[in-house]
Amino acid sequence: AVVGALVFAVEVLALSWIGKVLGKLPSVRDSSEHLRSAIGDTLQLAILFGSLMAANAMGGGLGILVVGGLYLLNESMGRPVVRMAAAPAAVIVGGIVLNILYWLDLFTPIKG
Numbered sequence: 063a064v065v066g067a068l069v070f071a072v073e074v075l076a077l078s079w080i081g082k083v084l085g086k087l088p089s090v091r092d093s094s095e096h097l098r099s100a101i102g103d104t105l106q107l108a109i110l111f112g113s114l115m116a117a118n119a120m121g122g123g124l125g126i127l128v129v130g131g132l133y134l135l136n137e138s139m140g141r142p143v144v145r146m147a148a149a150p151a152a153v154i155v156g157g158i159v160l161n162i163l164y165w166l167d168l169f170t171p172i173k174g
């Protein structure tokens with residue numbers, strides 16, 4: 063156990079030293095910024111598609127239309143709501159709209 067802890071400590075110290083050396087290289091620094099940006103974009107797309115799937119489960123095509131329309135409205139207005147939060151917020155508003163339409167007998171929910 064002592065040898066394992068020693069190896070682990072050496073590995074951590076070596077990794078921090080390697081990170082400092084690689085951080086001085088501009089190409090590595092630029093690629094890490096691109097990777098961070100790509101991870102953020104992937105997360106945004108995953109949230110958007112998950113929100114559209116939730117809208118589909120709630121109201122089928124009408125749910126997708128309402129949620130997608132609200133998301134696109136946010137984009138066209140210059141993103142007053144942060145892009146990460148726009149799709150989940152649109153699902154909540156879309157659910158409220160679908161419930162109001164149901165209470166007015168203008169919408170029939172999909173049977174699951």
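Numbering (the numbering used here), first residue to last: 63 to 174.
Glycine is no exception: its CB is placed at the ideal position from the N, C-alpha and C atoms.
Just so we're clear, the structure is a prediction, and the values are computed from it rather than from any experiment.
### Task
Flag this pair as yes or no: are the beta carbons of Gly156 and Val129 separated by less than 8 Å?
Against the sequence shown, residue 156 aligns to sequence position 94. Against the sequence shown, residue 129 aligns to sequence position 67. For Gly156 and Val129, yes; Cβs fall inside 8 Å.
### Message
For Ala148 and Val74, what's the separation of their Cα atoms in angstroms?
### Response
Here residue 148 refers to the residue found at position 86 when the sequence shown is read from its first residue. Here residue 74 refers to the residue found at position 12 when the sequence shown is read from its first residue. A straight-line Cα-Cα distance of about 40 Å links Ala148 and Val74.
### Message
Restricting to Cα atoms, I'd like to know which of Ile154, Trp165, Tyr164 and Pro150 is closest to Gln106.
### Response
Translated into the one-based positions of the sequence shown, residue 106 becomes position 44. Checking every option, the nearest Cα to that of Gln106 belongs to Pro150.
### Task
Look up Asp92 in the DSSP assignment and say whether it is helix, strand or coil.
In the sequence shown, residue 92 corresponds to position 30, counting from 1. The answer is helix: DSSP assigns Asp92 an H, G or I state.
### Query
Which of the three DSSP states, helix, strand or coil, is assigned to Pro171?
In the sequence shown, residue 171 corresponds to position 109, counting from 1. In the structure shown, Pro171 sits in coil (DSSP, three-state: anything other than H, G, I, E or B).
### Task
Pick helix, strand or coil for Pro150, following the three-state DSSP scheme.
Within the sequence shown, residue 150 is the residue found at index 88, counting from 1. Here Pro150 sits in helix by DSSP.
### Task
Tell me where the alpha helix (DSSP H) around Gly85 begins and ends.
As a position in the sequence shown, residue 85 is number 23, starting the count at 1. Run containing Gly85: Val64 to Gly85, per the alpha helix (DSSP H) assignment.
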